[in-house]
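Heads up, the sequence shown is in this note's numbering, so the first residue is 2 and it goes up one at a time.
Don't be surprised by glycine CBs; every beta carbon is placed ideally from N, CA and C.
This one's a predicted model, so the numbers in the text were calculated from it and none came from an experiment.
First the structure, in the form of structure tokens, and then the observations on it.
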Amino acid sequence: MDFETGQVLEAYNIDAALPPASITKLMTMHLVFEALANGQISLADEVKASANASNFAPDESQIFLGTGEVLTVEELLKAVATISANDAGTALAEHIAGSESAFVAMMNEKARELGMANTTFVNSHGLHHPDHVMSARDIAILTRATIMSYPEILDYSSIKFVRLERDKRYVRQGYFDMPSTFAGLIGWRGLDGLKTGWTPEAKRCIVVTAEENGRRYIAVVMGAETTAARDQKVKELLSLGLDHYAPRKVLSSDDVIETIKIKNAKVMNQPLVPAQDVTLVMRRDMTEADFERQVSIRPGLKAPLNKGDAVGTLTYTRNGEEVASVDLVVQQDVGKANFLVRSLRFLSDVFADLGKWILGLLD
């Protein structure tokens with residue numbers, strides 16, 4: 002996916018609802034940053050771990066929070082971003098919403114708000130549940146929305162390693178080391194995020210983002226058999242974007258797309274232009290002709306209209322996928338014809354229709 006436009010460039014099985022494992026925590030982090038932005042919480046807030054937050058099996062990803070242990074929001078956020086700690090994510094969820102179930106309701110509400118049509122959350126961490134699913138498209142949508150609204154997430158997702166100081170009552174050595182789950186990828190071609198996941202059912206999953214030469218792309222891989230296969234595929238996807246795609250302006254705001262007839266206007270034939278320039282992201286060997294164009298005009302148009310009023314839509318699609326849409330606007334003020342002109346046009350139409358009827362009788 003191209004970050005700036007949201008255009009999907011390469012895709013396979015993009016809308017399949019699949020188990021996402023810990024990529025779930027991307028939504029957890031999104032809601033944490035939202036709560037930080039609206040002042041509901043702060044990074045310095047102290048969070049006391051509940052029995053629920055500290056109740057994960059020893060082989061599950063965690064920082065081994067003890068019930069009653071206190072860490073800050075920022076410390077827990079780093080634990081989620083680096084080692085994908087289930088307990089840290091659950092503690093944050095409870096801190097924001099009061100309970101994990103209330104937080105999951107917030108997650109699903111946000112998913113609907115963002116247009117994530119093939120996503121259902123059952124928990125805040127991503128451990129397998131048959132009803133807990135996301136699609137690759139939805140993951141990309143969430144990634145784009147999160148970075149656009151809260152770019153500071155990249156400051157956390159690009160951390161390769163951090164040592165968390167801990168109370169010795171809970172961690173004997175007094176600290177806990179947190180290496181990133183994708184440390185080997187961070188920095189490759191500007192890669193600075195974002196999230197991995199693994200369960201036996203989901204297999205190896207990852208969503209990454211990278212920026213190079215001022216252009217950012219997002220890539221998602223789900224269901225890889227091994228970490229090596231996951232990393233290889235996601236590098237291939239990012240390289241496709243970085244090496245073979247580029248934005249290209251295909252329309253200017255003064256290009257006439259279509260001329261329509263507005264019967265009650267002083268000047269009936271009115272040119273329509275795009276409301277703004279149109280840029281498509283495409284492979285370097287592609288042209289505008291590789292996309293389908295569809296014009297839709299609003300029915301029942303009548304004068305008067307002001308210059309710039311939207312009267313229709315121009316949509317670009319490729320392989321059935323909408324890639325861009327722009328309003329079509331009138332290029333100039335459209336004044337209403339006076340009564341005499343409208344009457345003469347009406348009579349002209351009547352006689353024209355009458356002539357067609359007579360000719361039909363003679364045929």
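What are the start and end residues of each continuous alpha helix (DSSP H) run of 4 or more residues lying completely inside the stretch 130-186, in chain order? 137-150, 154-158
What are the boundary residues of the beta strand (DSSP E) that Ile-15 is part of? Residue 15 sits at position 14 when you count from the first residue of the sequence shown. Note, Ile-15: premise wrong, no beta strand (DSSP E); not H, not E.
Take every Cβ of the stretch 20-31, pair it with every Cβ of the stretch 122-130, and state whether three or more of those distances are shorter than 8 Å. These segments touch.
Please determine if the stretch 233-245 and the stretch 291-298 are in contact, where contact requires at least 3 C-beta pairs separated by less than 8 Å. no
Leaving aside the five residues before and after Arg-319 along the sequence, list all residues of the same chain whose C-beta is less than 6 Å from its C-beta, in chain order. Numbered from 1 along the sequence shown, position 318 holds the residue referred to as residue 319. Phe-292, listed in sequence order.
How big is the Cα-Cα spacing for Tyr-218 and Val-335? Locating residue 218 in the sequence shown gives position 217, where the first residue counts as 1. Locating residue 335 in the sequence shown gives position 334, where the first residue counts as 1. Answer to the nearest angstrom: the Cα atoms are 42 Å apart.
Compare the beta carbon distance of Leu-44 and Thr-73 with 8 Å and say whether it is the shorter of the two. By one-based count along the sequence shown, residue 44 stands at place 43. By one-based count along the sequence shown, residue 73 stands at place 72. Result yes, Cβ atoms of Leu-44 and Thr-73 sit closer than 8 Å.
Determine the contact status of Ala-369 and Ile-15, defining contact as a CB-CB distance below 8 Å. Nothing about residue 369 can be read from this structure; the chain reaches only from 2 to 364.
Nearest-angstrom beta carbon gap, Val-282 and Asp-3 [assumed within contact, 8 Å]: Within the sequence shown, residue 3 is the residue found at index 2, counting from 1. Within the sequence shown, residue 282 is the residue found at index 281, counting from 1. At roughly 4 Å, the Cβ-Cβ gap stays under 8 Å, so Asp-3 and Val-282 are in contact.
Look at Val-134 and Asn-119 and say whether their C-beta atoms are less than 8 Å apart. As a working note, residue 134 is residue 133 in the sequence shown. As a working note, residue 119 is residue 118 in the sequence shown. Here Val-134 is near Asn-119, since their CB atoms are less than 8 Å apart.
Can you tell me whether Gly-175 is buried or exposed? The criterion is at least 16 other CB atoms within 10 Å of its CB, across all chains shown. The sequence position of residue 175 within the sequence shown is 174, counting from 1. With fewer than 16 Cβ atoms within 10 Å of its Cβ, Gly-175 is classed as exposed.
From Leu-273, Leu-115, Met-223, residue whose alpha carbon lies closest to that of Ala-376: What is shown of the chain runs 2 to 364, which leaves residue 376 out entirely.
Under a three-way DSSP split, which group does Gly-40 fall into? Position 39 of the sequence shown, counted from the start, is the residue given in the question as residue 40. Of the three classes helix, strand and coil, the one that applies to Gly-40 here is coil, per DSSP.
Give me, in chain order, the residues of the same chain whose beta-carbon lies closer than 7 Å to that of Glu-401; leave out the 5 immediate sequence neighbours on both sides. Since the first residue of the chain shown is 2 and the last is 364, residue 401 is not available in this structure.
Give me the residue from Glu-114, Ala-311, Ser-326 with the minimum Cα distance to Gln-332. By one-based count along the sequence shown, residue 332 stands at place 331. Per the Cα distances, Ala-311.
State buried or exposed for Lys-26, treating a residue as buried only when at least 16 other CB atoms are found within 10 Å of its CB. Taking the sequence shown and counting its residues from 1, one reaches residue 26 at position 25. That one is buried.
Label Val-209 either buried or exposed according to how many other C-beta atoms from any shown protein chain fall within 10 Å of its C-beta, with 16 as the threshold for buried. To locate residue 209, count along the sequence shown from 1; it is residue 208. So Val-209 ends up on the buried side.
Going by C-alpha distance, which of Asp-139, Glu-322, Asn-53 is nearest Ser-102? Along the sequence shown, read from residue 1 onward, the residue named residue 102 stands at position 101. Selected option, being the one with the closest Cα: Asn-53.
Let's test the definition: count the other Cβ atoms within 10 Å of the Cβ of Met-179 and tell me whether it reaches 16, buried, or not, exposed. In the sequence shown, counting from the first residue as 1, residue 179 sits at position 178. With 16 or more other Cβ atoms within 10 Å, it is buried.
Nearest-angstrom Cα distance between Phe-183 and Glu-95? Here residue 183 refers to the residue found at position 182 of the sequence shown. Here residue 95 refers to the residue found at position 94 of the sequence shown. Their backbone Cα atoms lie some 27 Å apart in a straight line.
The beta strand (DSSP E) that contains Lys-262, what's its start and end? Within the sequence shown, numbered from 1, the residue matching residue 262 stands at position 261. Residues 259-262.
Do Val-172 and Phe-34 have their C-beta atoms within less than 8 Å of each other? Walking along the sequence shown from the start, residue 172 turns up at place 171. Walking along the sequence shown from the start, residue 34 turns up at place 33. Between Val-172 and Phe-34, the C-beta spacing is not below 8 Å.
Kindly give me the distance between the Cβ atoms of Gly-90 and Thr-144, rounded to whole angstroms, as I take these residues to be in contact under 8 Å. Within the sequence shown, the letter at position 89 stands for residue 90. Within the sequence shown, the letter at position 143 stands for residue 144. Not quite, the Cβ-Cβ distance comes to about 17 Å (not below 8 Å), so this is no contact.
Is it true that the CB of Thr-197 sits closer than 8 Å to the CB of Ile-187? Within the sequence shown, numbered from 1, the residue matching residue 187 stands at position 186. Within the sequence shown, numbered from 1, the residue matching residue 197 stands at position 196. In terms of Cβ geometry, Ile-187 and Thr-197 do not form a close pair [threshold 8 Å].
Return the first residue and the last residue of the beta strand (DSSP E) that Gln-295 is part of. Counted from its first residue, the sequence shown places residue 295 at position 294. Element bounds for Gln-295: 293-298.
Measure the CB-CB distance between Asp-328 and Ala-266 and report whether it falls below 8 Å. Within the sequence shown, numbered from 1, the residue matching residue 328 stands at position 327. Within the sequence shown, numbered from 1, the residue matching residue 266 stands at position 265. Not in contact: Asp-328 and Ala-266 (Cβ atoms no closer than 8 Å).
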